[in-house]
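Reviewing the structure listed below.
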Amino acid sequence: RKEVEQDPGPFNVPEGATVAFNCTYSNSASQSFFWYRQDCRKEPKLLMSVYSSGNEDGRFTAQLNRASQYISLLIRDSKLSDSATYLCVVNTNTGNQFYFGTGTSLTVIP
Amino acid sequence: DAGITQSPRHKVTETGTPVTLRCHQTENHRYMYWYRQDPGHGLRLIHYSYGVKDTDKGEVSDGYSVSRSKTEDFLLTLESATSSQTSVYFCAISHSERELFFGEGSRLTVL
Chain A
4 RKEVEQDPGP FNVPEGATVA FNCTYSNSAS QSFFWYRQDC RKEPKLLMSV
54 YSSGNEDGRF TAQLNRASQY ISLLIRDSKL SDSATYLCVV NTNTGNQFYF
104 GTGTSLTVIP
Chain B
2 DAGITQSPRH KVTETGTPVT LRCHQTENHR YMYWYRQDPG HGLRLIHYSY
52 GVKDTDKGEV SDGYSVSRSK TEDFLLTLES ATSSQTSVYF CAISHSEREL
102 FFGEGSRLTV L
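So the protein lines, in turn, are chains A and B. Sequential numbering of the first sequence, starting at 4, is according to our numbering. Sequential numbering of the second sequence, starting at 2, is according to our numbering.
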């Protein structure tokens, strides 16, 4: 079983739409959680960390559900510039290991 | 942006030749990682380092070796490149249980 699982999509949404991505992780001892964004042929870049209480950064909201072992990312009022692949990342803190989902592809359509 | 540079950024080589990729950081972070990214597989850990001369294997370490003689440099070596090692290689650094910062990637083609 993979450490982190994501729906690969693709998600094709119109501008202004709200879109949500989910990710599940298998190791209940995982401690740190992140969403990264990766543009085509570029390196992944940190979008936001995910905290137990949930956190928001502008149009982006991240949630963590430890009981069900899933993480979510909500994007409101989608922009064309949001088109990218979104990676769910989990850190087990044992040896500072990071585990990646395969990514969810988002295309925002005019 | 975190100070990470990878070199070379692009390389084409032939099967059986040795290849070394270099990752250099200016952040003095303890942890350094080498990942490869392939369609359908996402990012997979090759090797990582938790200090000078301290390294360990990741999930896809066969055919790869690493060295870290200084805090700032982490080298990935393919002793005898194979076509299955054609990939995009990313170096990343972390300051301990915090987020990863990635280099721009090295695109390797093995013919």
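Backbone N, C-alpha and C define an ideal beta-carbon position, used for all residues, glycine too. Since the model is a prediction, treat every value here as computed from it, not as a measurement.
Point to revise | Partners in chain B for residue 46/A, counting only beta-carbon separations shorter than 7 angstroms | key: 91, 103, 104, 105, 106
Check your understanding: Which partner residues does residue 24/B have in the DSSP bridge list?
Key -> 7/B, 75/B
Practice item. Give the residues from the region 43 to 72 of chain B that approach chain A closer than 9 angstroms (Cβ to any Cβ), ordered along the chain. Key: Correct list: 43, 44, 45, 46, 49, 51, 57, 59.
**Study point:** residue 85/B - DSSP class collapsed to helix/strand/coil
**Key:** helix
Check your understanding: Among 108/A, 78/A, 92/A, which residue has its Cα nearest to the Cα of residue 34/A?
Key -> 92/A
Point to revise | Check: residue 59/B C-beta below 7 angstroms from any heavy atom of the ligand ZN | key: Of the ligands one can find in the structure shown there are none, so the ligand ZN has no counterpart to examine.
Check your understanding: CB residue 20/A to CB residue 77/A, shorter than 8 angstroms?
Key -> no
**Study point:** Under 8 angstroms between C-beta atoms of residue 117/B and residue 46/A
**Key:** With chain B running from 2 to 112 in the structure shown, residue 117/B is simply not present.
Check your understanding: Would you call the region 8 to 19 of chain A and the region 48 to 57 of chain A in contact, with 3 or more CB pairs under 8 angstroms?
Key -> no
Check your understanding: Nearest to residue 71/A by alpha carbon, out of 103/A, 26/A, 11/A, 79/A?
Key -> Taking only the C-alpha atoms, the option nearest residue 71/A is 26/A.
Check your understanding: DSSP three-state call for residue 84/A: helix, strand or coil?
Key -> Here residue 84/A sits in helix by DSSP.
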